[in-house]
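K.L.:
Okay, here's the structure, questions in a sec.
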Amino acid sequence: MAKKSLIAREKKRKKLEEKFYLIRRYPTKEMSKARSLSESWEIQGKLEALPRNSAPTRLHRRCFATGRPRGNYRHFGLSRHAVREMVHQCLLPGATRSSW
Numbered sequence: 001m002a003k004k005s006l007i008a009r010e011k012k013r014k015k016l017e018e019k020f021y022l023i024r025r026y027p028t029k030e031m032s033k034a035r036s037l038s039e040s041w042e043i044q045g046k047l048e049a050l051p052r053n054s055a056p057t058r059l060h061r062r063c064f065a066t067g068r069p070r071g072n073y074r075h076f077g078l079s080r081h082a083v084r085e086m087v088h089q090c091l092l093p094g095a096t097r098s099s100w
């Protein structure tokens, strides 16, 4: 189980990312249309003025059940450990068990 402080930090980042989504999207579109270097620097300055944690690249996928940040399956939203346990308990339809 992940520390609750790390999970809370991820939730805070997700909320910030949703809040600044449209504000961050507009300058990135304008960056491709910039005609001069000074215009692109000005647009880049606007992006840098936004909070760092509002960038979507700072988000991590976490396991829905355990909060584990690594080894996640996007399809299930679970870590590999949780998926394996659920498959062995026949809780995930269509998944086959594997043991060697």
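When the letters of the sequence shown are read in order and numbered with the UniProt record's numbering, they come out as residues 1 to 100.
Note that beta-carbon positions come from the ideal geometry of N, C-alpha and C, so glycine has one too.
Among Ala8, Ile23, Gly71 and Val83, which residue has its Cα nearest to the Cα of Pro51?
P.N.:
Closest by alpha carbon: Ile23.
K.L.:
So, Arg68 versus Ala8, is the Cβ gap smaller than 8 Å?
P.N.:
No, Cβ-Cβ distance for Arg68 and Ala8 is not below 8 Å.
K.L.:
Figure out for me which residue from Cys63, Arg58 and Gly45 has the closest Cα to the Cα of Arg74.
P.N.:
It is Cys63.
K.L.:
For Arg35, count neighbouring C-beta atoms within 10 Å of its own C-beta (all shown protein chains included) and say buried if the count is 16 or more, exposed if not.
P.N.:
Classification of Arg35: exposed, given that the 10 Å Cβ count is below 16.
K.L.:
Nearest CA to the CA of Ser40: which residue from Leu47, Lys46, Arg25 and Met31?
P.N.:
Closest by alpha carbon: Met31.
K.L.:
Which word fits Ser79, buried or exposed, when buried means at least 16 other C-beta atoms lie within 10 angstroms of its C-beta?
P.N.:
So Ser79 counts as buried.
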